[in-house]
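K.L.:
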Amino acid sequence: MKAARLNEVGSDFVIEDVPTPEPGPGEVLIRIGGSGACHSDLHVKSGEIPGVAFPHTLGHENAGWIESFGPGAEGNGFEVGDAVVVFGGWGCGHCRFCLGGKEQLCNTFLWGGMGPAGGYAEYMVVPSVRHLLRADGLDPVEAAALTDAALTPYSAVKKALPHLVPGTSAVLIGAGGLGQYGVQFLKLLSPAKVIVVDTDEKKRQTAHELGADVTVDPRDADAAEQIRTAAGQDGVAAVLDFVGIDTTMALGAGAVDRLGIFVLVGLAGGSFPFSFFRFAAEAVMMTSNWGTRNELEEVLALARSGRLVSAIERHPLSEINEVFERLATGQIPGRAVLVPGAPSSNG
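By our numbering, the letter at position 92 of the sequence shown is numbered 186, and the numbering carries on one by one without gaps.
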């Protein structure tokens, strides 16, 4: 089969012929219909994420069709040919995190595409049918992006929901691929006014089209005052930072009000400016790491209902290096999904 291989830190992907994997006991072989190009894979490429052995096949946002079952995997409600979405946060299945429904936090860190081979290939092996969800009624290319680009902001928004009572405001920083879903989830699930912060005018406009009530350019000298004015007397009850650099974290920390919550999603490596007098009284700061299988089921239900707008670019696997170059420079307005076997858009 064809696979996009990353042979060493800092290298480009190389399309190689590799053996099609055989599913072992309890495993399932998936024919990939789409695999999302995620910004976190840039951190793998640069060597910032430890524990990834090279050469490696990345790709943790996956959907496709069941090709075959390994011994013991059949008879669990799925059949060969079924369209499926892959939950990528694979865990051991028996630690306190897994038993609590948060396999993505498991110490084993067996995420598909981070440890085991991922979906930047024609086929991938999933270790258990418990990581599969039905993709009935969904385009596999769009469904692939939902497994992270939508699931991650959905989980982050759900963490903020207890704070978002009527009259409050939520600030969302970074209206890229994840942030665009975040805007939609805030509007669908909460009564809060949504204030979106982004340096890119087109992304601010997209945020408005998706339901944002106010947009702010953080480069404006009075950006913080614009946020305070928009929030009004009840203040900002939640900040969701999808960027995570020093300046966005400082802006968000200064915006969140008493009893509020700051949820960090962005992986850019910034530091949170925390001290007793620099953060609002009894406010909470937390990170949000991907999402759970149950939350993914909820995201898929929203997608089937037609209430989610997905800005998806489709690219053949052969264009993976061009896609990641654009991803690294912020030129992909939504989400790019790699489609094995698709013809090149360059002819």
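We treat Cβ as the ideally placed atom computed from N, Cα and C, and that holds for glycine.
1) How would you label residue 175, buried or exposed, when you count the other beta carbons within 10 angstroms and need 16 or more for buried?
2) What do you reckon, are the CB atoms on residue 209 and residue 153 nearer than 7 Å?
3) Need the endpoints of the beta strand (DSSP E) that residue 175 sits in, please.
4) Would you say the stretch 251-263 touches the stretch 233-243, given that touching needs at least three Cβ pairs under 8 Å?
5) Tell me the residue span of the beta strand (DSSP E) that contains residue 161.
6) So, is residue 103 buried or exposed, given that buried needs 16 or more other C-beta atoms within 10 angstroms?
7) Taking the alpha-carbon of residue 179 as reference, which of 290, 430, 395 and 425 has the nearest alpha-carbon?
8) Quick one: complete alpha helix (DSSP H) runs, 4+ long, within the stretch 310-393?
9) Tell me which residues share the same chain as residue 313 and place their Cβ nearer than 7 Å to its Cβ, disregarding the 5 neighbours each side in the sequence.
10) Which stretch, first to last residue, makes up the alpha helix (DSSP H) that contains residue 217?
11) Counting along the chain, where does the alpha helix (DSSP H) carrying residue 251 start and finish?
12) Would you mind sorting residue 353 into buried or exposed? The rule is 16 or more other CB atoms within 10 Å of its CB.
13) Could you tell me whether the Cβ atoms of residue 223 and residue 167 are closer together than 7 Å?
14) How long is the line joining the alpha carbons of residue 124 and residue 163, rounded to whole angstroms?
P.N.:
With the structure as the only source:
1) exposed
2) no
3) Segment: none, residue 175 is in no beta strand (DSSP E) and carries neither H nor E.
4) no
5) 156-163
6) exposed
7) 395
8) 317-325 and 340-349
9) 293
10) No alpha helix (DSSP H) contains residue 217, which is instead part of the beta strand (DSSP E) from 217-220.
11) 245-254
12) exposed
13) yes
14) 9 Å
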